[in-house]
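Just so you know, the sequences run in chain order A and B.
The first sequence lines up with residues 207 to 328 when you count with this note's numbering.
The second sequence lines up with residues 207 to 328 when you count with this note's numbering.
These notes concern the structure reproduced below.
There are 2 protein chains.
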Amino acid sequence: MDKKKKQVNNPEVECAKKLAAVEDALYVLGGKWKLRIIIALISGYTRFNELQRTVTGISARVLSSELKSLEINGLVKRVAHTEIFPVITEYLPTDYAETLKNLVSVLGDWGIKHKKRISISI
Amino acid sequence: MDKKKKQVNNPEVECAKKLAAVEDALYVLGGKWKLRIIIALISGYTRFNELQRTVTGISARVLSSELKSLEINGLVKRVAHTEIFPVITEYLPTDYAETLKNLVSVLGDWGIKHKKRISISI
Numbered sequence: 207m208d209k210k211k212k213q214v215n216n217p218e219v220e221c222a223k224k225l226a227a228v229e230d231a232l233y234v235l236g237g238k239w240k241l242r243i244i245i246a247l248i249s250g251y252t253r254f255n256e257l258q259r260t261v262t263g264i265s266a267r268v269l270s271s272e273l274k275s276l277e278i279n280g281l282v283k284r285v286a287h288t289e290i291f292p293v294i295t296e297y298l299p300t301d302y303a304e305t306l307k308n309l310v311s312v313l314g315d316w317g318i319k320h321k322k323r324i325s326i327s328i
Numbered sequence: 207m208d209k210k211k212k213q214v215n216n217p218e219v220e221c222a223k224k225l226a227a228v229e230d231a232l233y234v235l236g237g238k239w240k241l242r243i244i245i246a247l248i249s250g251y252t253r254f255n256e257l258q259r260t261v262t263g264i265s266a267r268v269l270s271s272e273l274k275s276l277e278i279n280g281l282v283k284r285v286a287h288t289e290i291f292p293v294i295t296e297y298l299p300t301d302y303a304e305t306l307k308n309l310v311s312v313l314g315d316w317g318i319k320h321k322k323r324i325s326i327s328i
């Protein structure tokens with residue numbers, strides 16, 4: 207029945223700080239699609255149709271709205287090539303989006319381990 | 207207009223693998239609350255009321271259902287201390303939940319950086 211609070215100066219403050227930081231991250235990256243879209247973008251898919259095919263299950267309406275939200279947060283740059291006809295629009299990951307590579311890799315590694323763990327226990 | 211696909215053997219397969227791994231992780235950790243509850247648990251909050259106070263905004267009904275889901279996935283152990291009266295119930299993070307510490311830390315670090323970036327640009 208001991209409180210297993212971490213041996214830090216003030217565990218309540220530490221916990222609140224961690225929660226706030228993770229909430230800030232989830233505010234931008236949370237939800238069903240955003241991280242998946244970022245993975246597809248970082249992997250080199252730049253056209254709307256390619257992205258929709260890669261991020262299985264996403265509708266055009268939702269993909270469009272998620273791309274706008276990612277653009278507002280500085281993670282995607284929308285580029286329209288008006289010099290060619292028909293005009294081609296590309297969605298490119300910004301340098302800032304590249305800072306998510308480590309997070310994606312840690313999350314993916316955990317997912318792989320979790321899948322192994324489940325398949326062993328079944 | 208070059209496809210900026212990564213120089214790997216088969217970028218499509220690599221991207222699909224990453225997407226699948228991240229989806230496996232998000233299946234367990236996705237949504238608004240699960241990671242926040244895990245942070246509170248790892249920080250040492252073990253009682254239902256403590257958890258509800260710490261994870262701001264969560265309702266008792268949702269907290270209860272999220273704790274059950276985390277228990278099914280082996281991340282939380284529910285312990286009822288029947289030897290004392292009134293019976294006290296604790297929710298303890300499992301060793302498996304501790305494997306999420308790195309992920310929480312990477313996500314939190316990104317959140318902190320993102321907040322700084324936003325406050326500079328405003």
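Don't be surprised by glycine CBs; every beta carbon is placed ideally from N, CA and C.
Looking at the structure shown, is B:Leu257 part of a helix, part of a strand, or coil, going by DSSP?
Numbered from its first residue, the second sequence carries residue 257 of chain B at position 51. The answer is helix: DSSP assigns B:Leu257 an H, G or I state.
Using the beta-carbon of each residue, which ones in chain D are nearer than 8 Å to B:Asp230?
This model lacks chain D altogether, as its protein chains are A and B.
Neighbour flag for B:Leu225 against chain A, beta carbons, 7 Å:
Within the second sequence, residue 225 of chain B is the residue found at index 19, counting from 1. Yes, because at least one Cβ of chain A sits closer than 7 Å to the Cβ of B:Leu225.
Under 7 Å from the C-beta of B:Leu257: neighbouring residues of chain A:
Here residue 257 of chain B corresponds to residue number 51 of the second sequence, with the count starting at 1. Residues of chain A passing the Cβ test: none, with the nearest at roughly 11 Å.
Could you give the C-beta distance for B:Ala227 and A:Gly280, rounded to a whole number, given that I count them as a contact under 8 Å?
By 1-based counting over the second sequence, the position of residue 227 of chain B is 21. By 1-based counting over the first sequence, the position of residue 280 of chain A is 74. Not a contact, Cβ separation roughly 25 Å.
Opening and closing residue of the beta strand (DSSP E) in which A:Ile294 lies:
Reading the first sequence from its first residue, position 88 is the one you call residue 294 of chain A. A:Ile294 -> beta strand (DSSP E) spans Ile294 to Pro299.
Can you name the residues of chain B whose CB is closer than 8 Å to the CB of A:Thr288?
If you number the first sequence from 1, residue 288 of chain A lands on position 82. Chain B residues near A:Thr288: none, gap ~13 Å exceeds 8 Å.
CB-CB under 7 Å to B:Gln258, same chain, minus the five flanking residues each way: which ones, in chain order?
Along the second sequence, read from residue 1 onward, the residue named residue 258 of chain B stands at position 52. These residues qualify, in order along the chain: Ile264, Ala266 and Leu269.
Simplified DSSP state of B:Lys212, which is helix, strand or coil:
As a position in the second sequence, residue 212 of chain B is number 6, starting the count at 1. Because B:Lys212 carries a pLDDT of 47, less than 50, the predicted location of this residue cannot be relied on, and the following value inherits that uncertainty. In the structure shown, B:Lys212 sits in coil (DSSP, three-state: anything other than H, G, I, E or B).
Is B:Gly263 close to chain A, meaning its C-beta is less than 7 Å from at least one C-beta of that chain?
As a first step, residue 263 of chain B is located in the second sequence; it is residue number 57 there, counting from the start. Output row for B:Gly263: interface = no.
Alpha-carbon spacing of A:Ile244 relative to B:Glu277, whole angstroms
Within the first sequence, the letter at position 38 stands for residue 244 of chain A. Within the second sequence, the letter at position 71 stands for residue 277 of chain B. Cα to Cα, A:Ile244 sits roughly 30 Å from B:Glu277.
Taking A:Lys240 as part of the beta strand (DSSP E), name the residues at either end of that continuous run.
To locate residue 240 of chain A, count along the first sequence from 1; it is residue 34. Where A:Lys240 is concerned, there is no enclosing beta strand (DSSP E), although the alpha helix (DSSP H) it sits in stretches over Lys240 to Ile248.
Which residue marks the beginning of the alpha helix (DSSP H) containing B:Asn279, and which one marks its end?
Stepping through the second sequence from its first residue, residue 279 of chain B is reached at position 73. Looking at the DSSP string, B:Asn279 is not in any alpha helix (DSSP H), and its letter there is neither H nor E.
Can you check DSSP and say which residues form a bridge with A:Val285?
Here residue 285 of chain A refers to the residue found at position 79 of the first sequence. A:Glu296, per the DSSP bridge assignment.
Quick check on A:Ser265: does DSSP put it in helix, strand or coil?
Along the first sequence, one-based indexing puts residue 265 of chain A at 59. Three-state result, A:Ser265: coil.
Check distances from the C-beta atoms of the region 231-250 of chain A to those of chain B and list, in chain order, the residues that come in under 9 Å.
Ala231, Leu232, Tyr233, Val234, Leu235, Gly236, Gly237, Lys238, Leu241, Arg242, Ile245, Ala246, Ile248, Ser249 and Gly250
Residue burial classification, B:Lys212 (beta-carbon count within 10 angstroms, cutoff 16)
The count along the second sequence starts at 1 and reaches residue 212 of chain B at position 6. Residue placement at B:Lys212 is poorly supported in this model, since its pLDDT is 47, which falls under 50; the coordinates still yield a value, given next. The residue in question, B:Lys212, is exposed, as its Cβ has fewer than 16 Cβ neighbours within 10 Å.
Beta-carbon neighbours of A:Leu313, restricted to chain B and to distances below 7 Å:
Counting from one through the first sequence, the residue named residue 313 of chain A turns up at place 107. By Cβ distance, chain B contributes Val228, Ala231 and Leu309.
Within this structure, are the beta carbons of B:Val312 and A:Leu309 separated by less than 7 Å?
Residue 312 of chain B sits at position 106 when you count from the first residue of the second sequence. Residue 309 of chain A sits at position 103 when you count from the first residue of the first sequence. The answer is yes: Cβ separation under 7 Å.
Using a beta-carbon distance below 7 Å, is A:Pro217 in contact with chain B?
Locating residue 217 of chain A in the first sequence gives position 11, counting from the first residue. It does: the Cβ of A:Pro217 has a partner Cβ on chain B nearer than 7 Å.
Contacts around B:Ala246, its chain only, beta-carbon distance under 7 Å, and the 5 residues preceding and following it disregarded
For the purposes of this step, residue 246 of chain B is taken as residue 40 along the second sequence, with counting starting at 1. Hits under 7 Å: Leu257, Thr260 and Val261.
Please report the distance separating the alpha-carbon of B:Lys223 from that of B:Ser271.
Here residue 223 of chain B is taken as the residue at index 17 of the second sequence, counted from 1. Here residue 271 of chain B is taken as the residue at index 65 of the second sequence, counted from 1. Going by the C-alpha atoms only, they are around 30 Å apart.
Anything in chain B within Cβ reach of A:Glu220, meaning under 8 Å, just list it in chain order.
Numbered from 1 along the first sequence, position 14 holds the residue referred to as residue 220 of chain A. Result: Ser249.
Taking B:Lys274 as the reference, give the member of B:Pro299, B:Lys322 and B:Thr288 with the closest Cα.
Here residue 274 of chain B is taken as the residue at index 68 of the second sequence, counted from 1. Of B:Pro299, B:Lys322 and B:Thr288, the residue nearest in Cα terms is B:Pro299.
Relative to the C-alpha of A:Thr295, which residue among A:Tyr302, A:His287 and A:Asp301 is closest?
The count along the first sequence starts at 1 and reaches residue 295 of chain A at position 89. Selected option, being the one with the closest Cα: A:His287.
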